[in-house]
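Beneath this line is the structure, given in structure tokens, with notes to follow.
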Amino acid sequence: MRTWKLAVCCVGIGCGTPESQGVDSEDSGALFPDIRGYHRPLFKPGDCPEDFNCSQWVTLCPDGRALLLVTDIGNQGHYALYDETLVFTADAAGDVEAMEFVVVPEDDILVDLDGNVWARDDSPEVEFCTEEVPG
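Take any residue in the sequence shown, note its place counting from 1, add 23, and you have its number in the numbering used here.
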């Protein structure tokens, strides 16, 4: 079984830089060839409060851009695959600075370092990946 690891780091916790996690800054990492989305429910079906974000999700674009939602803030950034580690790095301050996941390709899931399973999402944020990047 091949896995990639992904850890979640929220603002204030600070998982460090990719270099501190053993990632060579000269290596830009690999990317997925297609748009991928993964999500993790925060509540059992029927238990989510009204007007509440009931899941966390991430969209990964073929050009390396990524959109991660862990609260109600969409954290834009970039991702790359390094050996068995998927690293997300936010472009600006939000509620997440960086995140790493274990990727389990044969089950098509991500697992964060707390052991939470992020299932493949059939409807990722395609618009985010197809909109023109300013600049």
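We put the beta carbon where it would ideally sit given N, CA and C, even for glycine.
Bear in mind the structure is a predicted one, so any value in this text is a computation, not a measurement.
Here R59 is buried: its Cβ has 16 or more other Cβ atoms, across all protein chains shown, within 10 Å. Under the DSSP assignment, E107 falls outside any alpha helix (DSSP H); it carries neither an H nor an E label. Taken through DSSP and simplified to helix, strand or coil, T94 comes out as coil. With fewer than 16 other beta carbons inside 10 angstroms of its own, P128 counts as exposed.
For F124, the enclosing beta strand (DSSP E) stretches over residues 119-127.
Per DSSP, the beta bridge partners of T82 are G60, L90.
Here DSSP, grouped into helix, strand and coil, assigns V134 to strand.
Taking a C-beta distance under 8 angstroms as the contact criterion, E148 and L90 qualify as a contact pair.
Membership of V140 in any alpha helix (DSSP H) is not indicated; the residue belongs instead to the beta strand (DSSP E) covering 140-143. Taking a C-beta distance under 8 angstroms as the contact criterion, P56 and S78 do not qualify as a contact pair. Per DSSP, the continuous alpha helix (DSSP H) segment holding V149 begins and ends at 149-153. Between the alpha carbons of L83 and F111 lies a distance of about 9 angstroms. In chain order, L83, G87, A89, L109, V110, F111 place their CB closer than 7 angstroms to the CB of Y102, counting only its own chain and leaving out the 5 sequence neighbours on each side. Judged by their CB atoms, E120 and A113 are nearer to each other than the 8 angstroms cut-off.
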